[in-house]
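Asks: For the sequence shown, position 213 (counting from the first letter as 1) is numbered 213 according to my numbering, and the numbering increases by one without interruption.
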Amino acid sequence: YSMHTAEGRANLLDGTVVLFTGIMTTWIVPFVSHMAGVNTNSGSFRALSVLRAIRLVRLVRVVREVPIFREAWMLIRGLGGSMRTLLWTVVVVLFVTYSFAICGVLTIVVSLQELQDEDQIQASELSRLDALMNILEGVDKFMFTLVQVLTLDSFHVFIREIVHFLPWSWVFFYAYVAIACLVLMNLVTAIIVESAMEQSNQDHEQQLRDKITREEVEMRRLRALFEALDQDKSGTLSWEEFRLSFDNPLTLKKWRMLDFQPEECSELFHLLDNGDGEIDTTEFFEGLSKMRGPAQAKDLFRMSKLITMLARKIYQ
């Protein structure tokens, strides 16, 4: 639960979610309410029980850790990272739509009202104008109509009606389509893609930092083990000191945490030793670091060491 690593922060979040949405709402709150004589079916307690849904946050960690869900995690991370961009997109779209709605009311709506006031207009034409005024008269109605244009939702139906009375009006609507749909939406897409790429780079950097942190922790663990083995504080490990470490229950536990068993004592010493009968800090740290990991890593290091020893004997 260390805050210095991503895994520790994830464990802390997981524990907090389980504590507040599981233990608190399932055990503690009902018990306290029962002792206090409070009705748990009240609206406040029902709202508190909704917090149990927060446990779904734990699924995010599963999606992040399992390799098969990598693409799903990238989508979730991209969605979270684009929230700020989406918020400002809505603000800019509202500003652009509001500006065009004011211009439309002052030009298109006023022109249509003038046509309505004409005495020689036919009844059929007047009914068509009334239908247009129902969706255009006022800034709020004009903005709602422009949103329909923004979503490209069959807007040509009423645009053809407007063009019938005002032939130049198509320029206004297509200018809005060019600015709000083509330019602005493409800019938003580019910003979201750039943000996703930056988050991906940050994720790689975080993984690198976590790897460095794990290596530092591993190095401190190996250093503590070396100091525990070096009983005479000479800076090197003799065969006797190395052998006795597997007889000591405390150091044997550390060896087993590194996946080394007592029967591997002699072989391990000869693998770490470069031939002078003692193991210094460089040989100890480099050798154990290379043998850490799956069994295949240990076998490869053993094979590499045997080849090196064989080559040394051949040259001698």
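Ideal placement from N, C-alpha and C gives every residue a C-beta, glycine not left out.
Fair warning: this is a prediction, and the values are worked out from it, not measured in the lab.
Would you list the residues sitting across from I279 in a DSSP beta bridge?
Replies: Locating residue 279 in the sequence shown gives position 279, counting from the first residue. Beta-bridge pairing links I279 to L237.
Asks: Let's see if you can read the secondary structure: which residues bound the alpha helix (DSSP H) around S266?
Replies: Position 266 of the sequence shown holds residue 266. Taken as a continuous stretch (DSSP letters only), the alpha helix (DSSP H) holding S266 covers 265-272.
Asks: Could you work out which residue in A123, G138, E264, R84 is closest to Y98 when comparing CA atoms only?
Replies: Taking the sequence shown and counting its residues from 1, one reaches residue 98 at position 98. Checked all of A123, G138, E264, R84; the closest Cα to Y98 is G138.
Asks: Quick one: grab the DSSP three-state call for N248.
Replies: Residue numbering aside, residue 248 sits at position 248 when the sequence shown is read from its first letter. Coil, per DSSP.
Asks: What residue does the alpha helix (DSSP H) around S99 start on, and which one ends it?
Replies: Position 99 of the sequence shown, counted from the first residue, corresponds to residue 99. Looking at the DSSP string, the run of the alpha helix (DSSP H) that includes S99 is 83-104.
Asks: Between L225 and L208, what straight-line distance do the alpha-carbon atoms span, to the nearest angstrom?
Replies: As a working mapping, residue 225 is identified with position 225 in the sequence shown. As a working mapping, residue 208 is identified with position 208 in the sequence shown. Approximately 26 Å between the Cα atoms of the pair.
Asks: Residues in the same chain with beta-carbon distance under 8 Å from F284, minus the five sequence neighbours each way, listed in chain order, please.
Replies: The residue labelled residue 284 in the question sits at position 284 within the sequence shown. Taken in chain order, the residues that qualify are L222, F226, L237, L272.
Asks: What first and last residue would you give for the alpha helix (DSSP H) that runs through L166?
Replies: Here residue 166 refers to the residue found at position 166 when the sequence shown is read from its first residue. Premise fails: L166 is in no alpha helix (DSSP H) and is neither H nor E.
Asks: How about F158 and G104: do their beta carbons lie closer than 9 Å?
Replies: By one-based count along the sequence shown, residue 158 stands at place 158. By one-based count along the sequence shown, residue 104 stands at place 104. Not closer than 9 Å, so no.
Asks: In the DSSP assignment, find the unbroken alpha helix (DSSP H) run with A123 in it and report its ends.
Replies: Working through the sequence shown from its first residue, we reach residue 123 at position 123. Element bounds for A123: 123-136.
Asks: Could you tell me whether the Cβ atoms of W255 and F246 are closer together than 9 Å?
Replies: Along the sequence shown, one-based indexing puts residue 255 at 255. Along the sequence shown, one-based indexing puts residue 246 at 246. Contact: yes.
Asks: Can you list, in chain order, the residues of its chain with a C-beta nearer than 8 Å to that of T85? Leave out the 5 residues immediately preceding and following it.
Replies: As a first step, residue 85 is located in the sequence shown; it is residue number 85 there, counting from the start. Once the five neighbours on either side are set aside, the close Cβ partners of T85 are V188, I191, I192, S195.
Asks: Would you mind working out which of V109, L244, E216, S124 sits nearest I369, comparing C-alpha positions?
Replies: Missing from the structure shown is residue 369; the chain here goes from 1 to 316 and no further.
Asks: Excluding sequence positions up to five away, which residues of its chain have a Cβ less than 7 Å from the Cβ of L320?
Replies: As shown, the chain starts at 1 and ends at 316. That puts residue 320 outside it, with no answer to give.
Asks: How about D130 and Q148: are their beta carbons less than 9 Å apart?
Replies: Reading the sequence shown from its first residue, position 130 is the one you call residue 130. Reading the sequence shown from its first residue, position 148 is the one you call residue 148. In this structure, Q148 does not lie closer than 9 Å to D130 by Cβ.
Asks: What would DSSP say about F142, mapped onto helix, strand or coil?
Replies: The residue labelled residue 142 in the question sits at position 142 within the sequence shown. Three-state DSSP puts F142 in a helix.
Asks: Which residues mark the beginning and the end of the alpha helix (DSSP H) in which L115 is found?
Replies: Here residue 115 corresponds to residue number 115 of the sequence shown, with the count starting at 1. Its alpha helix (DSSP H) spans residues 110-116.
Asks: For T281, which residues of its own chain have a beta-carbon under 7 Å away from its beta-carbon, when the five flanking residues on both sides are left out?
Replies: Here the question's residue 281 lines up with position 281 in the sequence shown. Taken in chain order, the residues that qualify are F226, G235.
Asks: Suppose the cutoff is 7 Å on Cβ atoms and the five residues either side in sequence are ignored; what does the same chain contact list for W168 look like?
Replies: For the purposes of this step, residue 168 is taken as the residue at position 168 of the sequence shown. The answer is none, since no qualifying residue turns up.
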